[in-house]
Structure formats: C-alpha cells, structure tokens
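Below is one structure, written out as structure tokens; the observations come after it.
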Amino acid sequence: VQLQASGGGLVQAGGSLRLSCVYSGSILRFKPMAWYRQAPGKERELVASITGIGSANYVDSVKGRFTISRDNTKNTVDLQMNSLKPEDTAVYYCNALIRSQKVSWGQGTQVTVSS
C-alpha cells in the first residue's frame, strides 16, 4: 500500500489549503483514516480522523477550521484547512488511525503558513 499526500504549499495566515491523500489498493478502504502533522523539532501528532462511513473528529486546535472528508470510491482522504495559522506549519501525512492498520508513511506534504 502506498500513501501519497499532496496539496501543501506556502500561504499567508488566514488563508486556506486543501490537502489530498490517495492510497493504493483496497486494504484501507472503509478503515478509519487520519491526517497527522509533524512540525520541526516536534513529534508527529494526530490532527483529524474519519471513520469508514464519514464520522469525523478533530484535535481541539483545529476544530472549526479544518474539515476531513473521504471518498471510498476514489481511495482518497482530504483535509480542507481554513483560517490557517503560523502554528499549523508542519509536514502533513495521512495514514490509518488504528496502529495495527497503519501502513508505511509516505513523504507527506509541507504546509507553511507565514504571519
């Protein structure tokens, strides 16, 4: 299984980005999926998760600003990020939510928010 995240970039504070993750094969289809991020010098953290049927959860710091979604017919998991803040700067990754279901991490996509 391969994970490919895209959509990152440089944006000013208050701006928006939409990240997309495509996974190969069907093993992750309908599995709970998540977006994670890792800022320089920090550990990777969970940002948002979504169940196989679309129920979402968010870390407090992104609630009301980020929206996770998925399309099981296209093997994609997206993250719409609005009202971005400099503290959102990180490399963003997608993967399964449950540890035993995780696959190899892809390269992630860099998000940089300037103040």
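Residues in the sequence shown are numbered from -15 upward in steps of one, following our numbering. Glycine residues also receive a C-beta, built at the ideal position from the N, C-alpha and C atoms. This one's a predicted model, so the numbers in the text were calculated from it and none came from an experiment.
By alpha-carbon distance to residue 61, the top candidate from 95, 32, 22 is 32.
As summarised for the region 4 to 54, there are no continuous alpha helix (DSSP H) elements at least 4 residues long confined to that stretch. In the DSSP secondary-structure assignment, residue 94 is bridged to 75.
Three or more beta-carbon pairs drawn from the region 51 to 71 and the region -13 to 2 are found closer than 8 Å, and the two stretches are therefore classed as touching. Counting along the chain, the unbroken beta strand (DSSP E) around residue -11 starts and ends at -13 to -10. Residue 34 places its beta carbon less than 8 Å from that of residue 52. The beta carbon of residue 92 lies closer than 7 Å to those of -11, 75, 76, 77 in the same chain, with the five residues before and after it left out. As the crow flies, the alpha-carbon of residue 57 is around 37 Å from that of residue 25.
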